[in-house]
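Student:
In our numbering, the protein residues as written are 297 to 441.
1. Helix, strand or coil for residue 385? Go by DSSP, reduced to three states.
2. Relative to the C-alpha of residue 379, which residue among 426, 416, 427 and 339 is closest?
3. Which ranges would you report for the alpha helix (DSSP H) in the stretch 320–405 if only whole runs of at least 4 residues count?
4. By alpha-carbon positions, which one of 400, 419, 423 and 362 ends up nearest to residue 438?
5. Going along the chain, which residues of its own chain have a beta-carbon closer than 6 Å to the beta-carbon of residue 382, five neighbours each way excluded?
6. Going by the beta-carbon positions, is the gap between residue 362 and residue 349 smaller than 8 Å?
7. So the candidates are 358, 422, 432 and 391; which of them puts its Cα closest to the Cα of residue 367?
8. Would DSSP call residue 421 helix, strand or coil?
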């Protein structure tokens, strides 16, 4: 950091910004419910005590976790509730069934039709190729938005 910038930050005039009076301004974190994290995984319980699965959350651990295990539940939850605050994707959702990539493709279609950016996302999948495909799809859509 340049010394000029540091001197500017440490000047007395910047330190004397008055605090808002109590009761007039509410902080964003006050009286706010945790943001919904849609957890897509057929096996892993995100609230399991032995593992810190919420470390994968792109929005932190103070979230309201909604655990869905398949494509149908994923699609249904979003259609009924709108986009969640964030999504954690697994790729492999069981044998002979739709994948997390299929869910991500549906999400992109939903976002396109509604002119919305995708919510923040991450992937806890142990399938590196599937995880990369989900990330690539969502990044490409986000960059085109």
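C-beta atoms are modelled at their ideal positions from N, C-alpha and C, and glycine is treated no differently.
Tutor: Here's the rundown:
1. strand
2. 416
3. 367–377
4. The shortest Cα separation from residue 438 among 400, 419, 423 and 362 belongs to 400.
5. 333, 354, 355, 415 and 416
6. No, the Cβ-Cβ distance between residue 362 and residue 349 is not below 8 Å.
7. 391
8. coil
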